[in-house]
């Protein structure tokens with residue numbers, strides 16, 4: 001760097017020469033070594049200047065280094081502004097290297113996946129170090145111009161501007177990285193708390209407040225309409241009911257029977273509503289108060305940012321739709337989202353553990369859960385067959401009702417002592433039909449991560465027929481024996497004469513299923529499965545319930561013009 005004339009072109013060529021000489025070193029090392037080389041010379045110069053008047057050797061070495069040319073009073077006065085500019089640029093360049101070293105240290109201690117802000121900062125290292133080196137080259141040239149009292153000068157203004165821009169940018173990177181590191185450490189802490197025995201109350205504090213926990217944290221008690229100390233959750237099983245303020249009365253009503261059951265039995269389980277709001281406003285607070293007044297359980301009364309919002313979204317897979325996280329008194333997650341389980345089975349699923357859900361979803365009598373609130377006026381008997389059907393096409397429903405009625409009343413059906421009842425879902429009110437399909441969706445959600453079995457295939461088939469012309473479920477007692485598409489089941493019942501002999505020899509269940517399979521094998525139908533954007537992790541792939549191939553994935557968007565919200569669905 002020494003003995004170079006002023007000028008941008010010369011500084012550029014010198015910088016390339018240095019980069020070539022240090023090509024085997026990392027970018028950080030390139031910058032550190034260049035700064036160190038300059039520091040030795042610059043440090044020696046000012047050290048010798050301090051001992052000019054007291055040490056003969058220092059005075060002699062100072063003359064060789066041209067110290068007097070810059071340290072004499074008249075020289076200092078003459079070059080004062082240039083020296084200040086030089087010192088400020090040296091300090092700024094050192095700051096760049098210092099921040100880069102800190103960024104490298106942070107990179108060695110943290111995973112980029114957890115701290116993604118590290119990536120853009122590291123990608124800029126080559127450019128930042130290049131500007132550090134060319135700035136040092138310019139500083140050396142200017143310093144030599146001053147010590148030789150040359151009329152020529154190296155313009156440092158452009159380098160100063162660039163270095164200050166780099167400092168500003170690096171500080172922003174550090175700020176973002178620090179926030180993300182703090183978030184990553186917080187998430188690790190939360191995961192640890194949820195996996196190791198901890199008092200539920202402490203888990204709740206960390207999830208909601210963490211470092212900003214009030215001296216006396218409070219929640220709202222909906223049963224007494226008062227604010228109470230969070231201590232009421234101590235040693236309790238807690239259902240965290242998480243939702244936005246867009247929650248419907250219908251969603252809230254699903255939990256009312258559960259709350260009543262807890263109260264009636266004196267259960268140690270408690271429900272706590274945790275409203276998710278990105279930014280509170282007076283309007284949203286009023287809406288919150290309105291919703292809160294309708295809830296008999298506990299409500300989080302906290303109008304600040306929820307610390308664990310990222311964990312709730314990423315780890316608990318909250319996607320605007322309500323979810324219910326079941327926690328033990330020790331803060332362990334018993335069920336990551338029991339909302340669908342509650343929606344399907346109600347109080348029967350209490351206390352909504354994952355093991356209880358698994359046992360209930362294996363039962364072949366899953367259709368019972370869909371019909372709990374429907375008055376179908378059918379007496380379920382073990383040997384009685386029931387055909388439940390519906391669809392979007394009224395003409396199809398009329399045709400199916402006609403042929404299924406003929407089938408049910410046929411003398412040969414009576415001959416084999418078989419009884420068949422019919423129930424048309426579309427005969428019910430629209431809200432009943434909607435609730436039926438919501439339960440089907442919820443039942444599918446509880447099973448979509450399980451290995452494929454008979455029940456999973458049946459539920460998946462039924463859900464895929466939601467928007468079709470028609471569909472039918474055949475049950476023997478409460479056990480589902482067949483689920484079919486409108487096209488195939490209509491043809492099956494209409495062609496009863498073709499399988500009547502099999503009926504007499506092998507019974508209704510075998511005969512119906514065999515002929516339905518033959519019909520289905522001659523008809524090509526695509527399976528369409530729409531999964532609502534529910535809270536929870538959507539599987540990467542889903543097996544077709546008919547051919548068992550992996551289904552293709554499409555993204556659709558739906559708007560029902562309710563307010564201003566548009567929902568994206570997979």
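Numbering (UniProt numbering), first residue to last: 1 to 570.
Even glycine gets a Cβ: it sits at the ideal position worked out from N, Cα and C.
Please report the straight-line C-alpha distance between residue i and residue j, rounded to a whole angstrom.
i: residue 497; j: residue 416; result: 15 Å
i: residue 584; j: residue 418; result: Because the chain spans 1 through 570 in this model, residue 584 falls outside it and cannot be assessed.
i: residue 261; j: residue 347; result: 7 Å
i: residue 334; j: residue 379; result: 36 Å
i: residue 476; j: residue 494; result: 20 Å
i: residue 425; j: residue 206; result: 47 Å
i: residue 238; j: residue 354; result: 15 Å
i: residue 175; j: residue 431; result: 51 Å
i: residue 305; j: residue 93; result: 38 Å
i: residue 276; j: residue 488; result: 46 Å
i: residue 153; j: residue 90; result: 17 Å
i: residue 138; j: residue 157; result: 10 Å
i: residue 371; j: residue 435; result: 10 Å
i: residue 543; j: residue 551; result: 6 Å
i: residue 410; j: residue 446; result: 39 Å
i: residue 356; j: residue 455; result: 16 Å
i: residue 499; j: residue 461; result: 24 Å
i: residue 412; j: residue 470; result: 26 Å
i: residue 481; j: residue 459; result: 12 Å
i: residue 287; j: residue 303; result: 13 Å
i: residue 444; j: residue 358; result: 12 Å
i: residue 259; j: residue 271; result: 7 Å
i: residue 228; j: residue 218; result: 5 Å
i: residue 10; j: residue 116; result: 38 Å
i: residue 290; j: residue 278; result: 18 Å
i: residue 440; j: residue 368; result: 11 Å
i: residue 178; j: residue 107; result: 12 Å
Keeping to the same chain, check which residues put their C-beta closer than 6 Å to that of residue i; ignore five residues upstream and five downstream.
i: residue 203; result: 193, 331
i: residue 234; result: 201
i: residue 420; result: 385, 408
i: residue 564; result: Because residue 564 carries a pLDDT of 43, less than 50, the predicted location of this residue cannot be relied on, and no value is offered for it.
i: residue 160; result: 89
Quick one: measure Cβ to Cβ for residue i and residue j, integer angstroms, because I've assumed they're closer than 8 Å.
i: residue 525; j: residue 485; result: 6 Å
i: residue 442; j: residue 343; result: 4 Å
i: residue 210; j: residue 126; result: Residue 210 to residue 126, Cβ: 38 Å. No contact.
i: residue 142; j: residue 86; result: 6 Å
i: residue 389; j: residue 472; result: 4 Å
i: residue 511; j: residue 502; result: 4 Å
i: residue 255; j: residue 284; result: Contact doesn't hold; Cβ gap of about 22 Å is too wide.
i: residue 391; j: residue 509; result: About 23 Å separates the two Cβ atoms, so there is no contact after all.
i: residue 43; j: residue 97; result: Wrong, their Cβ atoms sit about 15 Å apart, outside the cutoff.
Could you please give me the residues that DSSP links to residue i through a beta bridge?
i: residue 484; result: 472
i: residue 239; result: 271, 326
i: residue 386; result: 421, 475
i: residue 221; result: 226, 298
i: residue 333; result: 327
i: residue 550; result: 543
Which of helix, strand or coil does DSSP assign to residue i?
i: residue 423; result: strand
i: residue 244; result: coil
i: residue 543; result: strand
i: residue 7; result: coil
i: residue 261; result: helix
i: residue 197; result: coil
i: residue 428; result: coil
i: residue 369; result: helix
i: residue 453; result: coil
i: residue 501; result: helix
i: residue 2; result: coil
i: residue 152; result: coil
i: residue 24; result: coil
i: residue 182; result: helix
i: residue 406; result: helix
i: residue 251; result: helix
i: residue 467; result: coil
i: residue 318; result: coil
i: residue 507; result: coil
Looking only at its own chain, which residues have a Cβ that is under 8 Å from the Cβ of residue i, when we skip the five neighbours before and after it?
i: residue 257; result: 346, 347
i: residue 295; result: 222, 252, 273
i: residue 403; result: 490, 493, 494, 496
Within its chain, find whatever has a CB closer than 7 Å to the CB of residue i; leave out the 5 residues flanking it on each side and keep chain order.
i: residue 352; result: 326, 335, 338, 341, 342
i: residue 190; result: 206, 207, 308, 311
i: residue 474; result: 385, 387, 481, 482, 512
Can you find a heavy atom of the ligand NAD that lies under 6 Å from the Cβ of residue i?
i: residue 375; result: Only the bare structure without any ligand can be found here, which leaves the ligand NAD out of the picture.
Verify the CB distance criterion: does residue i have a CB-CB separation below 7 Å to chain C?
i: residue 135; result: Among the chains of the structure shown, chain C does not appear; only one protein chain is present.
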